[in-house]
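So the structure is just underneath, and the comments pick up after that.
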Amino acid sequence: MTCCETSKEKRDGLLFLDTAKLSEIEKYLKLGLLDGVTTNPTIMKKDGVVGGFSAIRGRTIEIAKMIYPRPLSVETASPEGNKEELLDQAREFSSWGTNINVKVTFTTQKGEPNTDVIAQLTKEKISVNATAMMSISQCFLAAKTGAEYVSIFLGRVANMGYDPSEETRKLRKLLDRTGLPAKIIAASSREAFNVIEWFMAGAHIVTVTPDLLKPCIDHPYTRETVAMFDGDAANWLQEWRDSVI
Ligand code: G3P
Numbered sequence: 031m032t033c034c035e036t037s038k039e040k041r042d043g044l045l046f047l048d049t050a051k052l053s054e055i056e057k058y059l060k061l062g063l064l065d066g067v068t069t070n071p072t073i074m075k076k077d078g079v080v081g082g083f084s085a086i087r088g089r090t091i092e093i094a095k096m097i098y099p100r101p102l103s104v105e106t107a108s109p110e111g112n113k114e115e116l117l118d119q120a121r122e123f124s125s126w127g128t129n130i131n132v133k134v135t136f137t138t139q140k141g142e143p144n145t146d147v148i149a150q151l152t153k154e155k156i157s158v159n160a161t162a163m164m165s166i167s168q169c170f171l172a173a174k175t176g177a178e179y180v181s182i183f184l185g186r187v188a189n190m191g192y193d194p195s196e197e198t199r200k201l202r203k204l205l206d207r208t209g210l211p212a213k214i215i216a217a218s219s220r221e222a223f224n225v226i227e228w229f230m231a232g233a234h235i236v237t238v239t240p241d242l243l244k245p246c247i248d249h250p251y252t253r254e255t256v257a258m259f260d261g262d263a264a265n266w267l268q269e270w271r272d273s274v275i
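At position 72 of the sequence shown (counting the first as 1) the number is 102 in the numbering used here, and the numbers step up by one without a gap.
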């Protein structure tokens, strides 16, 4: 099963974890809340994957196996913007697991487009997650060149003074209207509320750090309500427990 086949099964309302921490991935996988994982060089470094290329390969393969058949994004890098280097990395990364897709930044750090890299990888049937995008036009162009995922960094979009939900609404409308099959990954979340806010705006996928997922789950009033139910179940619970011993 290829990455693209896997992700076609369900296209919307998907929750990805933006982390390289195995314990968090395992936790949310077991909880049934995880639809995929996204990483980048900064996340890898922050999450302790610092033993060079073999460490990146090791952690990537470990995560890919752990979450299979859910997708995992791993990011290419070439500070000089060397296209051949990006292509070679992408080919190697994608060979590590059929559920691995390759992140390619939409431009180099000098602003040169990587649309040719995205198009070539798409031609080779390597799934691309076009990343580090801050505008609808970047996402649209990445989608046109074949990216399976378009990652828009909405927290940064908001920091630049734009309304992230409005941008997402427009982008979703544009993709739907043009029939481009790319899935929007809403990334760079800043608040727990962003998860629902961005799904409502039209993101197919929201990727979130584990610490922002916790407040989406726990609520003091839910705890209090569960305590009430548990207290009122006391009149039959012991009898039930004794009966199943
Ligand atoms: O998934 C993208 C994300 O990791 C970047 O987030 O918080 O650095 O804007 P941030």
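Don't be surprised by glycine CBs; every beta carbon is placed ideally from N, CA and C.
Q. Quick one: what does DSSP say residue 182 is sitting in, helix, strand or coil?
A. Note: residue 182 maps to strand in three-state DSSP.
**Q.** Buried/exposed call for residue 251, threshold 16 Cβ in 10 Å
**A.** Exposed, because fewer than 16 other Cβ atoms sit within 10 Å of the Cβ of residue 251.
**Q.** Selection from 196, 150, 94, 159 that minimises the alpha carbon distance to residue 106
**A.** The shortest Cα separation from residue 106 among 196, 150, 94, 159 belongs to 159.
Q.
With three or more beta-carbon pairs closer than 8 Å as the criterion, would you say the segment 42-49 touches the segment 61-74?
A. Because the criterion of three Cβ pairs below 8 Å is met, the segment 42-49 and the segment 61-74 touch.
Q.
Across the segment 240-259 and the segment 88-107, are there enough close Cβ pairs to call them in contact, namely three or more that are closer than 8 Å?
A. At 8 Å Cβ cutoff, the stretches do not touch.
**Q.** Option nearest residue 205 by Cα separation, candidates 113, 184, 168
**A.** For the residues 113, 184, 168, the minimum Cα distance to residue 205 belongs to 168.
Q. Do residue 126 and residue 94 come within 8 Å of each other at the CB atom, strictly closer than that value?
A. Against a cut-off of 8 Å, the Cβ pair of residue 126 and residue 94 comes out as a contact.
Q | Limits of the unbroken beta strand (DSSP E) element including residue 83 | A | Residue 83 -> not in any beta strand (DSSP E); alpha helix (DSSP H) instead, spanning 82-97.
Q) Cβ of residue 179 within 8 Å of Cβ of residue 213? A) Yes.
Q. From 139, 92, 144, pick the residue whose C-alpha is nearest to that of residue 117; which is it?
A. Cα-wise, what sits closest to residue 117 is 144.
Q. If you draw a straight line from the C-alpha of residue 232 to the C-alpha of residue 110, how long is it?
A. If I take the Cα positions, the gap works out to 35 Å.
Q: Could you name the residues whose beta carbon sits closer than 6 Å to any heavy atom belonging to ligand 1, keeping them in chain order?
A: My final list is 48, 68, 70, 73, 183, 185, 186, 217, 218, 237.
Q. With DSSP run on the structure shown, which of helix, strand or coil describes residue 156?
A. It is coil, neither helix nor strand.
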